[in-house]
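What follows is one structure encoded as structure tokens, with my remarks underneath.
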Amino acid sequence: MPDLSLLLPENLHLLAVPAAIFLLAGLVKGVIGMGLPTVAMALLALSMTPAQAAALLILPSFLTNLWQAGPLRTALPLLRRLAPLLLSTAAGTLTGAWLIGAPAGSWARMALGSILALYAVWTLMGRQGHVPAARETSFGLAAGGATGLVTAATGVFVLPSVPYLQSLGLSRDELIQAMGLSFTVSTIFLAAGLVLNQAYPMATAGASLLMLVPAILGMQLGQWLRVRIAPPLFRRLFLGSLLLLGLHMLITEL
């Protein structure tokens, strides 16, 4: 496994592969509105531990999702509605970091592969539940706690938060903003968990900040492509690739 401490600004030649990965992850986000952390974690974890990949992901994920969570005028009502999900996500991530430690080794790769495959299958099937308004608090607390534990174990925070958000009957713009809020909170507390486990050296922040450049370039390219290709087809190809990648991770660790 490569040492992430080598991925510092003075060793720019070592950043070529991660930069290409963030360019691709940004492109996916630009086309379909999500997927940057998931794609980056999935591909980075092929050549480093999930904890190392998560450390490199922190700043690009935080800043791009914070941008997606705006503007504040429409974010505030969503924050109130999603408070149970967001608070329990924070608590679950910190609890998971304390109980599990930094994600590394075969178990972490198998967990990551499983989450990627499950998320791809769920989304490809097009299943979408409905949570009654009277039960949003209890469902939100449960979904957030589970998302936090999954985040701590794998560095991926799409399950079960995204299916839960899809079940709330939000408009398309509200859903995109809600995912931005959820992913921002997950990223903050993923970083806190890595620091708690001494798996996020401050020197890594320089390399993580550099990855913001290809991520934004990829998003701009994706937005340009979005009007020139069929997003539903691109989305299916993306999910199919995630499924194959997740299965590959599982099989190679068995």
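Take the sequence shown: its position 13, counting from 1, is numbered 12 in numbering that gives the first Met the number 0, and each next residue is one higher.
C-beta atoms are modelled at their ideal positions from N, C-alpha and C, and glycine is treated no differently.
- request: Determine the burial state of residue 51: buried for a count of at least 16 other Cβ atoms within 10 Å of its Cβ, exposed for fewer.
  value: buried
task: Would you kindly report the start and end of the unbroken alpha helix (DSSP H) that includes residue 64?
output: Start and end: 49 to 68.
- prompt: Any idea if residue 14 is buried or exposed, counting beta-carbon neighbours within 10 angstroms, 16 or more meaning buried?
  reply: buried
- prompt: How is the alpha helix (DSSP H) around residue 212 delimited, first residue to last?
  reply: 211 to 225
query: Who are the Cβ neighbours of residue 129 in its own chain at under 6 Å, not counting the five residues just before and after it?
result: 166
field: Contact belief for residue 44 with residue 246 at Cβ below 8 Å, rounded distance in angstroms
entry: That pair is no contact at about 14 Å.
query: alpha helix (DSSP H) containing residue 138: first to last residue?
result: Secondary structure note for residue 138: its alpha helix (DSSP H) is the uninterrupted segment 135 to 153.
- request: Specify the secondary structure class of residue 228 as computed by DSSP and reduced to three states.
  value: coil
- prompt: In angstroms, rounded to a whole number, what distance separates the CA positions of residue 122 and residue 172?
  reply: 19 Å
- prompt: So, helix, strand or coil for residue 247, using DSSP?
  reply: Residue state, collapsed to three classes: helix.
Helix, strand or coil at residue 16 according to DSSP, with G and I counted as helix: helix
message: Here's a check: name, in chain order, each residue in its chain whose Cβ is nearer than 6 Å to the Cβ of residue 107, leaving out the five neighbours to either side.
response: Same-chain partners within the cutoff: 49.
- request: Please determine if the stretch 196 to 210 and the stretch 78 to 93 are in contact, where contact requires at least 3 C-beta pairs separated by less than 8 Å.
  value: no
query: Is residue 38 helix, strand or coil when you go by DSSP?
result: helix
query: How should residue 259 be labelled, buried or exposed, when 16 other C-beta atoms within 10 angstroms of its C-beta is the threshold for buried?
result: Look at the range of the chain in this structure, 0 to 253, and you will see that residue 259 is not part of it.
- prompt: What is the residue span of the alpha helix (DSSP H) that residue 171 lies within?
  reply: 171 to 195
Identity of the residue in 196, 137 and 154 nearest residue 184 by Cα: 154
message: My output table needs one value for residue 44: the three-state DSSP class, helix, strand or coil.
response: coil
message: Less than 7 Å between C-beta atoms, sequence neighbours within five positions excluded: which residues of the same chain meet that for residue 159?
response: 142, 145 and 146
query: Which residues in the same chain as residue 150 place their Cβ atom closer than 6 Å to its Cβ, once the five residues preceding and following it in sequence are excluded?
result: 92, 156, 185 and 189
- prompt: So the alpha helix (DSSP H) residue 120 belongs to, where does it begin and stop?
  reply: 104 to 124
message: To the nearest angstrom, how far is the alpha carbon of residue 38 from that of residue 61?
response: Cα to Cα, residue 38 sits roughly 15 Å from residue 61.
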